[in-house]
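Line by line, the protein sequences are chains A and B. With my numbering, the residue at position 3 of the first sequence is 173, and numbering never jumps. With my numbering, the residue at position 119 of the second sequence is 289, and numbering never jumps.
Protein chains: 2
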Amino acid sequence: MTPSTLRLTGPLQSRKDWTADTCPIAATMEVVGTRSAFLLLREAFYGTSRFDEFAARVGISQPSAAARLRELVAEGLLERRPYQELGQRTRMDYHLTQKGLEFFPVLAAMMEWGDKWVSPSRVSLRHRACGQRVATELRCAEGHLATVGEVELVLAPEPVVPGGH
Amino acid sequence: MTPSTLRLTGPLQSRKDWTADTCPIAATMEVVGTRSAFLLLREAFYGTSRFDEFAARVGISQPSAAARLRELVAEGLLERRPYQELGQRTRMDYHLTQKGLEFFPVLAAMMEWGDKWVSPSRVSLRHRACGQRVATELRCAEGHLATVGEVELVLAPEPVVPGGH
């Protein structure tokens, strides 16, 4: 039978000897930890940039939208840029930064999973150049597809402190 | 300049004509919507199965752990199975179902993003067979790697209702 969980290796092998104190998944949830934050990011990927449109499309109150957008700006996933419409005063809208853009695989993986396991939707992601469906894949640097049972968790050695003893 | 957001196509092209009412990302967040739920799933992928160990390793109270595990069982990501240690009464532990196992790409993508953008950790995922680092990739069915700017959002046609008019 193929193992269905990660293989823990080296000093991680015995779970009782460690806990995931510096877990990057926990760190991510500290930064983008609410349903509203995920959906505001989704909207930014749809090209939404104006405050009113964010609130209306996510279906949350303007104070909630303002608070979540402020957090996403403070965390560096969105940035505010000035824009001006003819005869109007200058306002600020919201755009994805590189940090925000690189969050896309998380949303794409959630989209696939929700679509398959929770409620099928009519939207899908396609590759512009060839029209084929796009999906998230787990692959190694050698190009092999990997299921979770084929993956192991590895601990890097402690960094050497320069000048340390 | 490469576009940095998804291209919206067909009836999705004009954002003001639609909102994401049946969004699979929102559906996913309804099911696995809390930091604790994400971390309990992480633990299940580490092989944790006993109730006490889940609570201790995630660092949440036993009542919280019980509530979140109950939700994950009710939503079908975990299943309870009986086990018995010598001289003890039968107890139940928790294992990932297929639905839970297929959530792994979401956690892997969060792990990568958190590691790069929030706080570097010493753990990484490797392919058991070849030892190379494993990462999530967005690829189309033709095998092309796709960045978000190369991806478009497509709406499938309304399903035809058999016998409908």
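Even glycine gets a Cβ: it sits at the ideal position worked out from N, Cα and C. All values derive from a computational prediction rather than experimental measurement.
Proximal residues of chain B, C-beta to C-beta of residue i below 7 Å
i	result
S231/A	In chain order: nothing, as chain B lies at least about 16 Å away.
D285/A	P194
L295/A	V321, L323
Delimiting residues of the alpha helix (DSSP H) encompassing residue i
i	result
A305/A	Looking at the DSSP string, A305/A is not in any alpha helix (DSSP H); the run it does join, the beta strand (DSSP E), is 304 to 310.
L323/B	Premise fails: L323/B lies in the beta strand (DSSP E), 321 to 325, not in any alpha helix (DSSP H).
R205/B	205 to 215
V228/A	221 to 228
R240/B	232 to 244
L277/A	274 to 287
A197/A	194 to 201
Listed by chain order, chain A residues near residue i by CB distance under 9 Å
i	result
Y216/B	T175, L176, L178, L182, R185, A190, L323
Where residue i meets chain A, residues with beta-carbon distance less than 7 Å
i	result
E249/B	Under the 7 Å cutoff, chain A gives no residues; its nearest Cβ is about 12 Å from E249/B.
V318/B	F215, L271, F274
R292/B	L325, A326
Distance between residue j and residue i (C-alpha atoms, nearest Å)
i	j	result
E169/A	L248/B	Outside the displayed span of chain A (171 to 335) sits residue 169/A, for which this structure offers no information.
D187/A	T218/B	13 Å
A225/B	G301/A	46 Å
S174/B	M262/A	19 Å
G246/B	I195/B	17 Å
R251/B	R227/B	20 Å
Y264/B	E223/B	11 Å
W283/B	L256/B	43 Å
E312/B	L209/B	34 Å
A237/B	P290/A	27 Å
S184/A	L239/A	41 Å
V288/A	Y253/A	39 Å
K269/A	E213/B	26 Å
R220/A	V304/A	28 Å
V202/A	V202/B	14 Å
L176/A	L277/B	12 Å
R272/B	T198/A	Note on residue identity: the sequence assigns Glu, not Arg, to residue 272/B. Their backbone Cα atoms lie some 20 Å apart in a straight line.
H314/A	L323/B	27 Å
K286/B	R259/B	46 Å
A326/B	T189/B	15 Å
V318/A	P275/B	9 Å
V293/B	M280/A	23 Å
Exposure label - residue i; buried when at least 16 CB within 10 Å
i	result
L211/B	buried
D191/A	exposed
S231/A	exposed
Y216/B	buried
R138/A	Coverage of chain A is limited to positions 171 through 335, which leaves residue 138/A absent and any answer about it impossible.
S206/B	buried
G229/B	exposed
V330/B	exposed
L295/A	buried
L396/B	Because residue 396/B is not part of the residues shown, which for chain B are 171 to 335, the question remains open.
A299/B	exposed
Boundaries (first-last residue) of the beta strand (DSSP E) holding residue i
i	result
P252/B	248 to 253
D263/B	261 to 266
V293/B	293 to 297
Contacts of residue i in chain A (Cβ-Cβ under 8 Å)
i	result
S234/B	Near S234/B there are no residues of chain A at all, since even the closest Cβ is about 15 Å away, more than 8 Å.
R227/B	R185, T189, A190
Residues that residue i contacts on chain B, provided the C-beta gap is smaller than 8 Å
i	result
V288/A	P194, A197, T198, E200, V201
A244/A	By Cβ distance, chain B contributes nothing, its closest Cβ being about 13 Å from A244/A, past 8 Å.
Interface partners of residue i on chain B, CB under 9 Å
i	result
R238/A	Near R238/A there are no residues of chain B at all, since even the closest Cβ is about 13 Å away, more than 9 Å.
R212/A	A190, C193, I195, A196
Legend entry - chain B contacts made by the region 199 to 210 of chain A, where a contact means CB separation under 7 Å: For the region 199 to 210 of chain A, the residues whose beta carbon sits under 7 Å from a beta carbon of chain B are, in order, M199, V201, G203, R205, F208, L209.
Legend entry - Residues of the region 271 to 282 of chain A with Cβ closer than 9 Å to any Cβ of chain B, in chain order: L271, E272, F273, F274, P275, V276, L277, A278, A279, M280, M281, E282
Legend entry - Proximal residues, the region 251 to 269 of chain B versus chain A, C-beta separation under 7 Å: L266, K269
Inset, instruction - Anything in the region 299 to 313 of chain A with a Cβ closer than 8 Å to a Cβ of chain B? List those residues in chain order, please. - result: A299, C300, Q302, R303, V304, A305, T306, E307, L308, R309, C310, A311, E312
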